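> Pasting in a structure now, in structure tokens, and then I'll have a few things to ask.
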Amino acid sequence: MTKRSKTRSAARLAAVQALYQLDMEKPALARLLNEFHDHRLGAEIEDAQYEEAEVPFFDDLVSGVDARREEIDALVESKLGEQWKLSRLDKTMLQILRCGVYELIARADVPTKSVITEYVDVAHAFFDDKDAKFVNGLLDAVAKEKRG
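Last residue of the sequence shown? That's 148 in the UniProt record's numbering, and every number before it is there in order.
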């Protein structure tokens with residue numbers, strides 16, 4: 001894995017965490033980004049060393065998902081089964097899906113396979129294989145619709 005791949009992977013994981021915090025606590029976006037820049041990205045917290053993250057990429061993910069949340073949520077919801085609503089999704093799962101969908105619709109510079117693989121990996125950090133497969137399936141469906 002290249003250094004850029006590692007810093008982007010770290011940025012994706014941090015973006016999911018930041019968006020979770022944004023959803024739960026509703027801080028000002030600029031304050032949240034600064035908190036992550038100053039205290040989380042590449043920092044050591046409780047003896048855990050956080051990976052160095054690509055800060056502009058992290059900022060784009062968090063700001064982009066926040067700015068396009070309605071569009072992203074509508075896309076996610078359109079791929080859920082009829083009995084499913086966004087409100088039924090685990091809050092962390094929702095942020096993983098939002099980030100992945102954002103990359104698929106806004107980051108043409110990132111290959112589809114990379115986006116899906118990366119967010120399946122992020123899902124594995126929080127969930128079991130069944131949930132990671134759910135991420136794979138939903139992002140794949142969005143990619144087919146949006147990227148052809």
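Positions of the beta carbon are idealized from the N, C-alpha and C atoms, including for glycine.
Keep in mind the model is a prediction, meaning the values are calculated, not measured.
#1: Cβ of ILE116 within 8 Å of Cβ of ASN136?
#2: Spatial neighbours of VAL122 within its chain, please: C-beta separation below 7 Å, excluding the five flanking residues on both sides.
#3: Can you list, in chain order, the residues of its chain whose CB lies under 6 Å from that of ARG68, leaving out five sequence neighbours each side?
#4: Could you tell me if GLY81 is buried or exposed, where buried requires 16 or more neighbouring beta carbons within 10 angstroms of its beta carbon?
#5: Which residues mark the beginning and the end of the alpha helix (DSSP H) in which GLU54 is found?
#6: Give the DSSP-derived three-state secondary structure of LYS146 in the structure shown.
#7: Going straight from the alpha carbon of GLU118 to that of PHE58, what length do you get?
#8: Could you give the residue range of the alpha helix (DSSP H) that holds ASP73?
This is what the structure gives:
#1: Numbered from its first residue, the sequence shown carries residue 116 at position 116. Numbered from its first residue, the sequence shown carries residue 136 at position 136. Contact flag set, yes.
#2: The count along the sequence shown starts at 1 and reaches residue 122 at position 122. Around VAL122: ARG12, LEU13, VAL16 and ILE96.
#3: Numbered from 1 along the sequence shown, position 68 holds the residue referred to as residue 68. Once the five neighbours on either side are set aside, ARG68 has no close Cβ partner at all.
#4: On the sequence shown, residue 81 is found 81 positions in, with the first residue counted as 1. Answer is exposed; the Cβ neighbour count stays below 16.
#5: Position 54 of the sequence shown, counting from 1, holds the residue named residue 54. First-last for GLU54: undefined, no H or E at that position.
#6: As a working mapping, residue 146 is identified with position 146 in the sequence shown. LYS146 falls in the helix class under three-state DSSP.
#7: On the sequence shown, residue 118 is found 118 positions in, with the first residue counted as 1. On the sequence shown, residue 58 is found 58 positions in, with the first residue counted as 1. For GLU118 and PHE58, the distance between alpha carbons rounds to 14 Å.
#8: Stepping through the sequence shown from its first residue, residue 73 is reached at position 73. Run containing ASP73: 69 to 79, per the alpha helix (DSSP H) assignment.
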